[in-house]
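Working notes, beginning with the structure itself.
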Amino acid sequence: MAGRRTILKSMAGAFPLSMLSAASSEEISKPPARDYFRELGLIPFINAAGAYSAYGGARMRPEVVDAMRYAATHKAKMSELHDAVGTRIATLVGSDAAMVTSGATASIVLGTAACMTLDDEEKMRQLPDATGMKDEVIIQKKHRYTYDRSLTVAGAKLVEVESEDDVRRLVSDRTAMMFFLKPTQKGDDISAERYLRLARELGVPSFCDAATTTPPALNVVDGVSDGFDLICYSGGKGLRGPYSAGLLLGREDLIRFARRHAAPNDISIGRGMKVSAEEYLGMLVALETGLRISEADDFAYKHDRFSTIIAAVSDVPGVTTDVFVSGGHANELYLDIDWDTDVINMSRQDLVQALRDHDPSVEVRAFMFSGGRIQLSATVMDEGEDEVVGRIVRKILLAHS
Amino acid sequence: MKTNRRHFLAGLSAVAPFSYLSSRVDFAAETLAPATPDYFTDLGVSSFINAVGPYSSLGGAEMWPEVLEAMEYAIKNKARMTDLHDAVGKRIAELTGAEAAMVSSGATGAIILATAACMTMGDQEKMERIPGSSGMPNEVIILKSQRYMYDRSIRAPGASLIEAETAEDIRAAVSDKTAMMFYLLNRPENTKIDVTEYVSLAKELGIPIMCDAATTVPPVSNIAATVASGFDLICYSGGKGLRGPYSAGLLLGREDLVRFARMNGSPNHRAYGRSMKVAPEEYLGMMVAVETSLKFDEEAEYERQLRAVNAMGRELTRLPGVTVETAVPGAEAREPYIEVRWDAAIYDVSVADLKRALRSGSPSIEVRALFLSGNQLHLTAVALKEGEAEIVTQRVAEVLQSHGAGMDA
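Line order of the protein sequences matches chains A and B.
Sequential numbering of the first sequence, starting at 46, is according to my numbering.
Sequential numbering of the second sequence, starting at 3, is according to my numbering.
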């Protein structure tokens with residue numbers, strides 16, 4: 046497979062993801078495909094915010110779409126496919142075992158359920174009624190976050206800790222799991238290393254939510270090597286896999302139990318968290334492709350998108366731009382567009398709203414900056430969309446100059 | 003394998019059914035585009051002939067080509083999920099005659115979200131708390147004869163099941179703890195209360211009533227009929243009779259309840275059902291599956307299946323001691339099947355062994371054996387491709403004969 050740059054160069058033209066619609070002579074004579082979103086009255090939408098679930102997740106890699114199409118048109122028995130893909134993913138990332146879930150949240154639900162019931166089938170049937178089983182999850186107070194909601198979906202309760210002493214004091218025969226969030230905005234009271242050592246010492250399964258720590262995909266390999274018993278990743282974000290897919294990686298026994306809690310098993314609490322064959326395979330290919338493609342190639346692509354936007358707005362008086370790499374657990378490239386509010390009479394919120402109300406509608410990152418600044422991500426931007434975004438931003442800023 | 007997987011689709015093929023999907027492969031030699039790897043072969047995942055039907059464990063139904071096209075569109079084009087969910091919900095409601103509609107992560111996902119909706123009724127605090135369900139209606143009435151595998155999902159968000167048999171039972175059981183009454187549409191037999199009475203009782207008692215109609219399509223006209231019969235909520239499987247995406251389903255019904263169900267689902271961050279994600283391609287694909295199913299000539303497809311199973315039956319009855327009966331399920335999806343029985347005195351093989359032999363043979367064949375005690379199996383033609391019915395018949399005959407008394411070497 047050629048490198049990412051090469052693919053994108055050869056694809057330049059009308060179809061950003063032309064691998065989807067192979068431009069043969071056959072294609073050209075085909076009647077124009079339906080514009081479903083227009084038919085539904087949806088205004089065309091450009092996502093300059095990033096791979097958020099609410100905005101449709103990531104731009105899937107062409108290889109992923111290809112694999113999904115393959116899986117949709119070839120038959121496989123689910124258990125065989127789950128076994129084979131699980132084995133392959135585990136090999137790729139260096140974990141004991143792996144499964145594809147219906148998203149990182151599902152990984153958390155299924156991982157928690159697995160730690161609560163272990164291989165006791167009666168308990169599996171009994172959930173979310175957790176009577177008589179381990180039903181407490183240890184979580185650092187600083188790690189409380191939006192998605193800790195999914196830790197309680199299987200019937201567990203959260204027990205907050207702020208120190209190693211707290212952990213020793215609060216771990217009991219009711220403790221199902223010790224949960225760790227990576228990264229956190231508030232930091233850790235107990236570092237990952239110490240938390241893990243403690244979990245091992247106390248004999249409690251440890252779980253790490255690393256959902257948002259990609260790209261690059263290589264971070265998954267690093268995450269696994271941290272040594273948590275279970276670790277989860279979002280599939281449809283930094284890994285650019287299917288929207289409703291995620292990864293659960295870790296100990297062979299726990300993954301086996303988690304699978305029994307999931308579709309297509311009928312006794313499971315997670316039968317509603319279905320993962321299609323195309324998502325299962327697509328997730329594998331997303332990971333394979335991500336591990337093969339260099340971070341530099343992905344950066345170059347995003348940089349090109351930003352260059353186009355910068356070229357469109359940089360001569361607007363009062364405007365400055367800045368492209369930078371975010372620090373922390375994921376490496377992402379962002380573009381800040383700043384304007385002098387004395388020159389351009391527009392607040393941040395005014396521009397965000399104007400972009401949202403435009404046709405096509407543009408969504409930028411939801412950050413509250415003081416003064417005139419918006420932040421953009423090119424993660425989900427197709428080639429060509431950069432020009433549209435640049436044009437719209439320029440037009441709106443000039444109209445308020 | 004790659005093109006024309008359903009011969010009955012031939013009529014649609016001004017644009018060959020999967021041409022747009024497989025063109026990269028077909029034209030690979032000319033364009034030098036890299037061919038799609040043969041992923042399943044690479045992974046050691048074996049191919050098989052599906053004489054069972056669109057079961058989840060076997061990958062569900064084959065999607066309509068129109069659905070695949072819509073899914074690719076939704077992958078290429080972005081939308082805000084809320085806008086997409088609103089617009090598709092409205093369109094599906096129009097198509098089915100329901101007041102409101104949503105796409106779920108399968109029929110089970112629909113049951114879970116519907117139960118959660120009836121328990122919490124849009125109350126933010128309660129939605130945050132389930133499956134903890136103290137202080138809210140958390141009991142679901144179910145008819146004793148309709149207890150089934152998937153009632154497990156009703157319990158997932160924290161409800162408990164209350165069994166009832168008669169109108170009197172129900173009146174006695176209903177209290178302010180009752181969240182929902184449940185009805186399983188494909189199992190009307192052996193109930194002591196008929197569906198009309200059950201629905202009117204729910205109305206009288208003011209309890210939301212949900213119907214699991216997951217497997218009652220085709221014919222797709224069943225949807226409108228069921229919607230009209232007065233249930234507050236109805237669910238369907240998307241990846242089976244409707245030939246939509248595998249991990250998609252439909253929840254149809256009352257506007258308020260569908261709205262509450264959506265509040266309990268993805269992509270709402272702290273929703274109980276955040277984990278039951280539905281991709282935009284599944285959302286749109288499901289809508290197109292309903293559209294396409296409504297346009298499809300179901301009668302012709304039914305006739306095709308009937309011809310295929312009858313042909314299999316004719317071949318198999320040539321074997322001494324083998325009897326075959328053609329049947330069409332009453333309340334289930336209208337998919338004809340043959341029930342094959344064999345005389346145990348002539349063929350010394352259990353149905354479990356026969357099933358195993360067919361599965362491990364080449365090609366691998368999956369058949370339906372609901373009752374592993376008797377000497378009978380079911381064959382359907384729903385998922386059979388051209389030429390596969392003959393292979394199935396031949397393999398069943400071979401395995402039976404290899405266990406035939408006096409036929410061994």
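All C-beta atoms in this analysis are idealised placements derived from N, C-alpha and C, irrespective of residue type, glycine included.
From a predicted model like this one, the values you see are computed outputs, not experimental measurements.
- Taking a C-beta distance under 8 Å as the contact criterion, A:I235 and A:A255 do not qualify as a contact pair.
- It is roughly 30 Å from the alpha-carbon of B:S362 to the alpha-carbon of B:A37.
- Take B:T218, set aside five residues on each side of it, and the residues of its chain with a beta-carbon closer than 6 Å to its own are L187, N188, N224, in chain order.
- The region 284-294 of chain B makes contact with the region 64-72 of chain B: 3 or more CB pairs, one atom from each, lie closer than 8 Å.
- For B:H271, the closest Cβ of chain A is nearer than 8 Å.
- For A:N264, the uninterrupted alpha helix (DSSP H) run begins and ends at 263-270, by DSSP.
- Cβ proximity to chain B below 8 Å picks out D311, I312, S313, I314, G315, R316, G317, M318, K319, V320, S321, A322, E323, E324, L326 from the region 310-328 of chain A.
- Between the alpha carbons of B:K357 and B:P220 lies a gap of roughly 27 Å.
- Here B:S366 is bridged, per DSSP, to B:F50.
- Under the 8 Å criterion on CB atoms, A:V154 is classed as interfacial with respect to chain B.
- Bridge pairing for A:M318: absent [DSSP].
- One thing to note: B:I156 has its Cβ within 8 Å of the Cβ of B:F184.
- For A:Y190, no beta strand (DSSP E) segment is defined, and its DSSP state is neither H nor E.
- Within the same chain, and ignoring the five residues on either side of B:E284 in sequence, the residues whose Cβ sits closer than 6 Å to its Cβ are P247, A250.
- Nearest C-alpha to A:V216 among A:V249, A:R242, A:L196: A:V249.
- When DSSP reads this structure, B:W66 sits in no beta bridge, so it has no partner.
- Just measuring C-alpha positions, the residue of B:T395, B:G108, B:D196 sitting nearest B:N52 is B:T395.
- The DSSP-derived three-state label of B:G137 is coil.
- The three-state secondary structure of B:A100, taken from DSSP, is coil.
- Here A:V407 is not near A:I382, since their CB atoms are 8 Å or more apart.
- Of the candidates A:K120, A:G102, A:S152, A:M169, the residue whose Cα lies closest to the Cα of A:S313 is A:M169.
- Relative to A:I300, the option among A:E333, A:T162, A:R337, A:E238 whose CA is nearest is A:T162.
- In terms of Cα proximity to A:I184, the closest of A:I441, A:L443, A:C253 is A:C253.
- Excluding sequence positions up to five before and after A:L326, its CB lies within less than 6 Å of the CB of A112, A116, all in the same chain and listed in chain order.
- Take A:R106, set aside five residues on each side of it, and the residues of its chain with a beta-carbon closer than 7 Å to its own are R285, A331, T334, in chain order.
- Of all residues in the region 293-310 of chain A, the ones placed with a Cβ closer than 8 Å to any Cβ belonging to chain B are A308, P309, in chain order.
- A Cβ-Cβ separation of about 6 Å places B:A181 in contact with B:N140 under the 8 Å criterion.
- At a beta-carbon threshold of 7 Å, the residues of chain B lying near A:N92 are K80, ordered along the chain.
- Taking a Cβ-Cβ cut-off of 8 Å, the neighbours of B:R93 in chain A comprise L85, given in sequence order.
- For a cut-off of 8 Å, the C-beta gap from B:A215 to B:I236 is around 5 Å, short enough to register as a contact.
- At a cut-off of 8 Å between beta carbons, A:F82 contacts chain B.
- In the three-state scheme derived from DSSP, where H, G and I count as helix and E and B as strand, A:M413 is classed as coil.
- By the C-beta density criterion, B:S202 is exposed, having fewer than 16 other C-beta atoms within 10 angstroms.
- One Cα belongs to A:E340, the other to A:D431, and the distance between them is close to 20 Å.
- In the DSSP assignment, B:H380 falls outside any alpha helix (DSSP H) and within the unbroken beta strand (DSSP E) covering 378-382.
- At least one C-beta of chain B is nearer than 8 Å to the C-beta of A:M105.
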